[in-house]
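Asks: One rule links them: number in the working numbering = place in the sequence shown (from 1) + 971.
Below: one structure in structure tokens.
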Amino acid sequence: MQHYAELEQLLVRIEAEMRAWSLWSATPPADSALQSRQPFCIDTLSFWQWVQWIMVPRLRQMMARQQPLPQSSDMTPMAAEAVTASGIKSSKLIDYFTALDQLLSTRH
């Protein structure tokens, strides 16, 4: 369960950094946008919307239900691209996604 605690800590940090850069939204996207079958809902959501409305809730739901976490993760390239595209200067976000990828990929 230590991995759950580490994961929750990373999710809190990601959310805080997204809020600091005004990337966290109070308004959810349309339900239809959340139903995309594309990776990261690339066709219907921004990466940051996907993080807030899909990734974070799903990971928290898995932890709450004590379900197995994903066995691998490679979100850092997408996060780095989104940081650049957003024009923000946050190396913390990239660091947090790198740590998240490492946590999910090396815990076995």
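Yeah, the Cβ is synthetic: ideal placement off N, Cα and C, and Gly gets one too.
Straight-line CA distance for K1063 to A1004?
Replies: 28 Å
Asks: With K1063 as the anchor, note down where its alpha helix (DSSP H) starts and where it stops.
Replies: Segment 1062-1077, the alpha helix (DSSP H) holding K1063.
Asks: In whole angstroms, what is the alpha-carbon distance linking I1059 and P1039?
Replies: 33 Å
Asks: Assuming C1012 and W1021 are in contact, meaning their beta carbons sit under 8 Å apart, how far apart are those beta carbons, in whole angstroms?
Replies: 5 Å between Cβ atoms; contact.
Asks: I'd like to know whether the C-beta atoms of I1065 and A1051 end up nearer to each other than 8 Å.
Replies: Going by beta carbons, I1065 and A1051 fall inside the 8 Å limit.
Asks: Residue range of the alpha helix (DSSP H) that L1030 falls in?
Replies: 1027-1035
Asks: What is the DSSP secondary structure of T998, reduced to helix, strand or coil?
Replies: coil
Asks: If you drop the 5 nearest sequence neighbours on each side, which residues of the same chain put their C-beta closer than 7 Å to that of A1070?
Replies: So the qualifying residues of the chain are L981.
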